[in-house]
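Asks: The structure's right below; bear with me while I get my questions together.
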Amino acid sequence: IFTTNIEFGKWGTIFADDKLAAAIVDRIVHHGRLIEFHGPSRRMSEALMFDHTNNQSTTTSMPQ
Numbered sequence: 001i002f003t004t005n006i007e008f009g010k011w012g013t014i015f016a017d018d019k020l021a022a023a024i025v026d027r028i029v030h031h032g033r034l035i036e037f038h039g040p041s042r043r044m045s046e047a048l049m050f051d052h053t054n055n056q057s058t059t060t061s062m063p064q
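Residue numbers for the sequence shown follow UniProt numbering, so the first one is 1 and each next one is one higher.
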């Protein structure tokens with residue numbers, strides 16, 4: 001299993017060689033299955049929600 005947030009067309013910049021990147025991608029997807037997800041990130045929304053509730057609890061003043 002491989003996961004990445006970088007599209008295959010940009011792998012050449014990571015491996016510093018477009019031909020090497022193309023060969024790697026070719027080997028990976030030849031017998032594999034490619035699954036792409038689109039839309040808003042659930043992890044991002046959960047992280048923002050956690051941050052929001054965490055900030056509220058730290059900024060609430062204590063009764064005096």
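Every residue gets a Cβ at the ideal spot worked out from N, C-alpha and C, and that includes glycine.
Since the structure is predicted, the reported quantities are computational estimates derived from the model, not experimental observations.
For my contact list, Gly12 and Ala21 are in at a C-beta cut-off of 8 Å; report their separation, rounded to the angstrom.
Replies: Going by Cβ atoms, the distance from Gly12 to Ala21 rounds to 4 Å, so yes, they are a contact pair.
Asks: By the DSSP assignment, the alpha helix (DSSP H) with residue 68 in it spans what residues?
Replies: Past the boundaries of the shown model lies residue 68; the chain is included only from 1 to 64, so the question cannot be answered.
Asks: Measure the Cβ-Cβ separation of Val25 and Phe2 and say whether it is below 7 Å.
Replies: No, the Cβ-Cβ distance between Val25 and Phe2 is not below 7 Å.
Asks: With Ile14 as the anchor, note down where its alpha helix (DSSP H) starts and where it stops.
Replies: First-last of the alpha helix (DSSP H) with Ile14: Trp11 to Phe15.
Asks: So, for Asp51: in the same chain, excluding its five sequence neighbours on each side, which residues have a beta-carbon less than 6 Å away from its beta-carbon?
Replies: Result list for Asp51: empty, nothing under 6 Å.
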